[in-house]
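Counting from 0, one number per residue, gives the positions in the sequence shown under numbering that gives the first Met the number 0. Positions of the beta carbon are idealized from the N, C-alpha and C atoms, including for glycine. This structure is a prediction, so every number in the text was calculated from the model and none was measured. Okay, structure first, notes after.
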Amino acid sequence: MDWKDRQWWPVVTPIVGITYRSAIMYYLWVNYRQPFGATLCVVCLLIGEWLTRYWGFHWRSYNCDC
0 MDWKDRQWWP VVTPIVGITY RSAIMYYLWV NYRQPFGATL CVVCLLIGEW
50 LTRYWGFHWR SYNCDC
């Protein structure tokens with residue numbers, strides 16, 4: 000990763016986070032009238048992140064042919 004890539008994280012992360020949650024919220028509200036779309040989206044993203052960290056660590060730790 001280049002140092003120039005890091006300068007965009009303070010700008011890109013909030014915009015993408017809000018846009019993604021808003022899209023899920025809109026879809027769930029229009030189709031199902033569920034008011035908790037953004038919360039559901041954030042919870043699913045966190046669960047996915049935790050699973051990725053666990054399985055990534057497990058794969059690197061136990062399956063490494065070093």
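Tryptophan 7 sits in coil when the DSSP states are folded into three classes, being neither helix nor strand. Take tryptophan 8, set aside five residues on each side of it, and no residue of its chain has a beta-carbon closer than 6 Å to its own. Apart from the 5 residues on each side of it in sequence, valine 10 has no Cβ closer than 7 Å to any other Cβ in its chain. Around the C-beta of cysteine 43, fewer than 16 other C-beta atoms lie within 10 Å, and the residue is accordingly described as exposed.
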